[in-house]
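Read through the structure below, which is laid out as structure tokens, and then see the notes.
In my numbering, the protein residues as written are 6 to 567.
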């Protein structure tokens, strides 16, 4: 590449086989001579930003020069020939071919001279030119040099090497890191490098990296994958969607030897070769993550910290690979002391008669750990997964299961813990199901009316007085909150209020007579509001809550003074 700023010329010269007069006419004149409507339609499409649909189409690469040029000259000398030719055109439908002195053309090969229009002279800026060449042709198998000013010596811009084309045994960790940084612009080191060559029905090379840090736009709705597609080391596009969205954090490239260079957008979407590559590369990435998880749990835990929430999107979206993604998933649990737990470990520690994988979903792990819903499970040593990512509420309801065990929310339906023995080996405390408690539960239901769908005695509470649960056939309460917050659920289900029949306060309230009817009504509403507060919600009516609390305190102080 030679820059002549004074003449506003950019020249591209090679030492290839060159072209004869007939080859210039046939190769470069075909589109120019047709004039134009077809050609100008293509140029207008490119200017409108439809470049991805023009990838590699014959003539577009060369004729796009007329988007920035007043006219273009091509000087060429066929290898071994004693004559040289000049092809010229202004891109308006005509061209000329004439002989030129041998010294006007390369000794062998072709020189393209682009006479830039005034508004396009910024293409003569060295740094812009370097950036474009490195992005599009930084790994082609021939070196590329630049001459910044006429008469100066050329300096090598591209050395004709591609790291991924080398054997893995010749590449050091530092080489991979340098390439990763040049590819991504990041300063960190990759946490996982995947480099392999596929041979057989389709031949391609993959070099992919899992970044060492989470990008700021990871959860942007319009963020796409960052895998570049090359064909024979020529960059084609980074919009081929090689990996599914749940692997959008992976950076790297795929270089195919089977795909044609003239890939249109339709071919990218429908090519059976690309479909096979997508499927194989996705499976290989999951396999490599699985290997890392088995061999280096700490290293995998870091990747999960950064990208686990994205990987779990695949459990919901990719039914074919759901089992593999569940095996890769890691969770905090009620008894894991903040460490990550795999589902394999969870299932291995199931308690006697435990038939489900229990979970609780929310947006704050500290609140989940303190949830009253966990009390009965803790008393039996049953672990409960603590799910805090928004996607969790969706995939657990998608029919997913692991090793035959379904996922069950501890905030939905009946807990049904009676068949799982307590870990303290003590007999189950007798439930206060006498007539007084039974009547009090019915009284609360009557008092709350339409605010709840039911009120019942709980077998999941051991210390707390109350909790709210969703109906067995309804939505999990966290999923309901997410959908309502996003405006996708106009009517929410009425919750079930569960009462701890063994709690001293509940027993005391149940023993009150008709003379304390108003107090019992206040207590019923306060118990409901308490359950709402424990869920991170506000009291149903803040003013009435304040009044009832005031009356309760007044009664308590009156008894104390008496």
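C-beta atoms are modelled at their ideal positions from N, C-alpha and C, and glycine is treated no differently.
For the 8 Å CB-CB criterion, residue 524 and residue 534 do not form a contact.
For residue 214 against residue 140, the beta-carbon gap comes to about 18 Å, at or over 8 Å, which does not count as contact. Counting only runs of 4+ residues, the alpha helix (DSSP H) found wholly inside the segment 335-423 occupies 348-353, 370-374, 380-383, 397-400, in chain order.
For the pair residue 553 and residue 562, the Cα-to-Cα distance works out to about 14 Å. A Cβ-Cβ separation of about 40 Å leaves residue 251 out of contact with residue 161 under the 8 Å criterion. For the 8 Å CB-CB criterion, residue 154 and residue 22 do not form a contact. For residue 240, the enclosing beta strand (DSSP E) stretches over residues 239-242. Under the rule that a run must span 3 or more residues, the beta strand (DSSP E) segments found entirely inside the segment 68-156 read 74-82, 89-94, 100-105, 114-121, 149-151. Under the three-state reduction of DSSP output, residue 233 falls in the strand class. A distance of 8 Å or more separates the beta carbons of residue 361 and residue 349.
Residue range 197-203 is occupied by the beta strand (DSSP E) that includes residue 200, with no alpha helix (DSSP H) assigned at that position. Take the alpha-carbon of residue 132 and the one of residue 281: they are about 38 Å apart. DSSP lists 14 as the beta-bridge partner residues of residue 9. Taking C-beta atoms as the reference points, residue 255 and residue 232 count as a pair closer than 8 Å.
Separation of residue 94 and residue 6 (C-alpha to C-alpha, rounded to the nearest whole angstrom) is 20 Å. Contact check for residue 504 against residue 471 passes: the beta carbons are separated by less than 8 Å.
In the three-state scheme derived from DSSP, where H, G and I count as helix and E and B as strand, residue 258 is classed as strand. Its chain contains 364, 366, 392, 412, 414, 481 as the residues whose beta carbon lies nearer than 8 Å to that of residue 401, once the 5 sequence neighbours on both sides are disregarded; these appear in chain order. Here DSSP, grouped into helix, strand and coil, assigns residue 427 to coil. Per the Cβ contact rule, the segment 445-455 is not in contact with the segment 478-494 (fewer than 3 Cβ pairs under 8 Å). When only Cα atoms are considered, residue 16 and residue 118 end up about 4 Å apart.
Inter-residue distance for residue 209 and residue 387 is about 48 Å (C-alpha atoms, whole angstroms). Around the beta carbon of residue 262, fewer than 16 other beta carbons lie within 10 angstroms, which makes this residue exposed. Within its own chain, the residues whose Cβ lies closer than 7 Å to the Cβ of residue 30, once the five positions on either side in sequence are excluded, are 102, listed in chain order.
With a threshold of 16 other beta carbon atoms within 10 Å, residue 520 falls short and is exposed. CA-to-CA, the gap between residue 238 and residue 314 works out to about 34 Å.
By the C-beta density criterion, residue 72 is exposed, having fewer than 16 other C-beta atoms within 10 angstroms.
By alpha-carbon distance to residue 421, the top candidate from 466, 457, 404 is 466. In the DSSP assignment, residue 512 falls outside any beta strand (DSSP E) and within the unbroken alpha helix (DSSP H) covering 509-515. Residue 172 sits away from residue 193, with the two beta carbons spaced by 8 Å or more. Listed in chain order, the alpha helix (DSSP H) runs fully inside the segment 516-548 are 522-539, counting runs of at least 4 residues. If you look at residue 462, you'll find it in the beta strand (DSSP E) that goes 459-462.
Distance between residue 278 and residue 285, taken at the CA atoms: about 11 Å. Leaving aside the five residues that flank residue 477 on each side, the residues in its chain whose CB is nearer than 6 Å to its CB run, in chain order, 418. By the Cβ neighbour-count rule, residue 245 is buried, with 16 or more other Cβ atoms within 10 Å of its own.
In the DSSP assignment, residue 215 forms a beta bridge with 197.
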